[in-house]
Amino acid sequence: MDASVRVIPDNEVSILLLDISGNFSRDVVRCLATSHRGRIHVLAPASSLTQYTGLAKFHVLHGRPDSDASIMAAVDAVRQESGTRVLLATDEPATVFVARNHARLTTEWQLGPVPTVDAFNTVVNRANLTRHLANFDLPQPRTEYGYTAGEVLAAAARIGYPLLLKPVRSPGGGAGIRRADSEIELRAVLAEGLPDVGVMVQSYVKGNDLDAALLCHNGEVLACTIYQPAVPSSKLYVAARAIQFFHDPEILNMLKRFMASLNYSGIANIDLRRSAVDGRVLLLEVNARFW
0 MDASVRVIPD NEVSILLLDI SGNFSRDVVR CLATSHRGRI HVLAPASSLT
50 QYTGLAKFHV LHGRPDSDAS IMAAVDAVRQ ESGTRVLLAT DEPATVFVAR
100 NHARLTTEWQ LGPVPTVDAF NTVVNRANLT RHLANFDLPQ PRTEYGYTAG
150 EVLAAAARIG YPLLLKPVRS PGGGAGIRRA DSEIELRAVL AEGLPDVGVM
200 VQSYVKGNDL DAALLCHNGE VLACTIYQPA VPSSKLYVAA RAIQFFHDPE
250 ILNMLKRFMA SLNYSGIANI DLRRSAVDGR VLLLEVNARF W
């Protein structure tokens, strides 16, 4: 090693976790606190303040959470106050903020890896993701898009029942997912109205849920964990209360193909489903965040 290069001890490295929604940095802080000896800072809305007592220095994110200028000003203020130089996005709004402003941020920060804006928009939008998976012949349930009630009913007739209606953009926690086992049930759901952006109509796959968490750089999978529920949640479409990790080379190879097709960088949490009929593992959706 060059004698002029100084390796900075871990206890001298401070990290800023950017959590624009305020929903995801708590668990990241808890994980970091078990091994990282440097200072942890969190920039998040004031509503998250009580989550970090004793584990991290909390900074309130003021202003509009959808304004890049407002967020940039808050990030710069933390850097000037604390001297922190490592920035890690913990939720999807923070991830796309870093992606949009990558060139500007790299002048002052060491950044955790993030996808490009195009890759981000591909994975978090279910309509875009469905098209991408089809283009690269990656396994997924049969899925169509419907903007009107008539289009949804026509898609359902082609796909068959049971089926799921899903928001085009997932709000997290299974919110907005509805199951219909017949046309009568589907019409009852449609009578409640459709979102302005339409919905995804997806065949229901009888089987069991799987998940994978990945760290990638330019399409290469650097680290991957695959897991399944050990203690399922009592609520539908919600994360398990306890999980069991396992190794599956076929799933890993499929995930590598998927990430390479996107040239993906950063963190991704991927929902999968193993069919009880033929054992195939299908890609369902991607969250561009830790959980």
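Here the sequence shown is numbered in numbering that gives the first Met the number 0, starting from 0 and rising by one per residue.
For glycine and all other residues, C-beta sits at the position ideal for the given N, C-alpha and C.
These numbers were taken from a predicted model, which means no experiment stands behind them.
Nearest candidate by alpha-carbon position, reference residue i, set the options
{"i": "D117", "options": "I39, A239 and S264", "result": "S264"}
{"i": "A133", "options": "L283, W290 and R272", "result": "L283"}
{"i": "G111", "options": "I266, E249 and R272", "result": "I266"}
{"i": "T106", "options": "T129, T121, M71 and H216", "result": "M71"}
{"i": "Y144", "options": "L60, L193 and A102", "result": "L193"}
{"i": "P92", "options": "L254, R78, R103 and N120", "result": "N120"}
{"i": "A212", "options": "A179, H246 and Y203", "result": "H246"}
Bridge partner(s) assigned by DSSP for residue i
{"i": "M253", "result": "DSSP lists no partner for M253."}
{"i": "G265", "result": "C215"}
{"i": "F96", "result": "In the DSSP output, where bridge partners are listed per residue, F96 has none listed."}
{"i": "E143", "result": "V200"}
Alpha-carbon spacing of residue i relative to residue j, whole angstroms
{"i": "D195", "j": "G82", "result": "44 angstroms"}
{"i": "K205", "j": "P231", "result": "16 angstroms"}
{"i": "D26", "j": "F96", "result": "20 angstroms"}
{"i": "R316", "j": "V74", "result": "Outside the displayed range of the chain (0 to 290) lies residue 316, so it cannot be described from this structure."}
{"i": "F289", "j": "T89", "result": "7 angstroms"}
{"i": "V276", "j": "Y160", "result": "15 angstroms"}
{"i": "V280", "j": "V77", "result": "44 angstroms"}
{"i": "E219", "j": "L60", "result": "33 angstroms"}
{"i": "Y203", "j": "L128", "result": "17 angstroms"}
{"i": "P64", "j": "S20", "result": "8 angstroms"}
{"i": "S69", "j": "G62", "result": "6 angstroms"}
{"i": "G37", "j": "Y146", "result": "50 angstroms"}
{"i": "H101", "j": "V113", "result": "9 angstroms"}
Contacts around residue i, its chain only, beta-carbon distance under 6 angstroms, and the 5 residues preceding and following it disregarded
{"i": "V85", "result": "I14 and Q109"}
{"i": "R177", "result": "L164 and V188"}
{"i": "G175", "result": "P166"}
{"i": "A148", "result": "L189"}
{"i": "V41", "result": "L16, S24, Y51, A55 and F57"}
{"i": "H35", "result": "none"}
Exposed unless 16 or more other CB atoms sit within 10 angstroms - verdict on residue i
{"i": "K165", "result": "buried"}
{"i": "I183", "result": "exposed"}
{"i": "S46", "result": "exposed"}
{"i": "N22", "result": "buried"}
{"i": "A155", "result": "buried"}
{"i": "D18", "result": "buried"}
{"i": "R125", "result": "buried"}
Neighbourhood of residue i by C-beta, 7 angstroms cutoff - its chain only, sequence neighbours within 5 removed
{"i": "V237", "result": "G172 and G173"}
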